[in-house]
Amino acid sequence: MKESEILEAVRGDDVPQMQVDALIALVGDMELHGRDRSDPMREIPARIGDRWSLLLLLLLRIGSFRHATLKRLVAATSAEGEISQRMLTLRLRTLERDGLIDRTVTPSIPPRVDYAITGLGLSLLERVESLMDWVRENNPAIRASRDRFDALGED
25 MKESEILEAV RGDDVPQMQV DALIALVGDM ELHGRDRSDP MREIPARIGD
75 RWSLLLLLLL RIGSFRHATL KRLVAATSAE GEISQRMLTL RLRTLERDGL
125 IDRTVTPSIP PRVDYAITGL GLSLLERVES LMDWVRENNP AIRASRDRFD
175 ALGED
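Start counting the sequence shown at 25; every next residue gets the next number (the working numbering).
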């Protein structure tokens with residue numbers, strides 16, 4: 025996105041120049057660090073917010089586990105219940121591709137496959153913990169806001 029597109033997007037809305045400058049800086053940062061769907065700047069935050077990845081990382085922070093054990097642990101700890109075999113495999117492969125977890129195959133019959141969090145995954149969780157702390161601290165205010173909104177009956 026170019027500066028001219030930003031100016032066009034806010035044209036007629038009496039947006040202060042300070043905000044326009046901040047929008048231009050934001051877009052510049054997005055261009056520099058990744059704006060495409062496949063860029064880590066877009067995919068990693070989405071991964072944190074998807075249904076299973078963060079839970080898998082939190083479980084693997086405790087220790088390494090086999091595929092079947094992770095499936096049972098997700099079912100035991102998730103508010104959503106069970107994860108399908110296919111979805112678990114997809115999430116684990118994606119986390120491995122991003123370097124957040126390691127997959128170790130031990131030759132045996134049947135083969136043993138263990139998953140463990142990497143240093144990169146631990147580094148990500150350190151930052152996520154800050155966000156989770158914020159949610160814990162602001163949980164009452166968020167719930168109160170939701171209650172007020174829901175009481176208005178608007179969708």
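Every residue gets a Cβ at the ideal spot worked out from N, C-alpha and C, and that includes glycine.
Could you say which of Q43, R61 and M65 lies nearest to D53 if we only look at CA atoms?
-> The count along the sequence shown starts at 1 and reaches residue 53 at position 29. When each option's Cα is compared against that of D53, the closest is M65.
Ordered along the chain, which non-local residues of its own chain (more than five positions away) have a Cβ less than 8 Å from that of G145?
-> Walking along the sequence shown from the start, residue 145 turns up at place 121. These residues qualify, in order along the chain: L81, L84, R85, L119, G123, L124 and I125.
Cα-Cα separation, R90 to I48 | Stepping through the sequence shown from its first residue, residue 90 is reached at position 66. Stepping through the sequence shown from its first residue, residue 48 is reached at position 24. So the alpha carbons of these two residues sit roughly 47 Å apart.
Go through its chain and collect everything with a Cβ distance to L78's Cβ below 6 Å, but skip five positions before and after it.
-> Walking along the sequence shown from the start, residue 78 turns up at place 54. Around L78: I72.
D157 (DSSP reduced to helix, strand or coil) | Translated into positions along the sequence shown, residue 157 becomes position 133. If DSSP states are grouped into helix, strand and coil, D157 belongs with the helices.
In the DSSP assignment, what residue or residues form a beta bridge with A140?
-> For the purposes of this step, residue 140 is taken as the residue at position 116 of the sequence shown. According to DSSP, A140 bridges with D126.
Would you kindly work out how many angstroms separate the C-alpha atoms of S102 and N162, rounded to a whole number?
-> The count along the sequence shown starts at 1 and reaches residue 102 at position 78. The count along the sequence shown starts at 1 and reaches residue 162 at position 138. Those two C-alpha atoms are separated by around 22 Å.
Taking the continuous alpha helix (DSSP H) assigned at R77, which residues delimit it?
-> For the purposes of this step, residue 77 is identified with residue 53 of the sequence shown, where counting begins at 1. The sequence given here has Ser at residue 77, not Arg. Element bounds for S77: S77 to I86.
Output the boundary residues of the alpha helix (DSSP H) element that contains I107.
-> Position 83 of the sequence shown, counted from the start, is the residue given in the question as residue 107. Counting along the chain, I107 falls outside any alpha helix (DSSP H), and DSSP gives it neither H nor E.
What is the residue span of the alpha helix (DSSP H) that L229 lies within?
-> With the chain covering only 25 through 179, there is no way to say anything about residue 229.
Environment of R35 [buried if 16+ CB atoms lie within 10 Å] | Position 11 of the sequence shown, counted from the start, is the residue given in the question as residue 35. Per the 10 Å Cβ criterion, exposed.
Expected contact under 8 Å - CB spacing of V98 and L112 to nearest Å | Counting from 1 along the sequence shown, the entry for residue 98 is found at position 74. Counting from 1 along the sequence shown, the entry for residue 112 is found at position 88. About 7 Å; that satisfies the 8 Å criterion.
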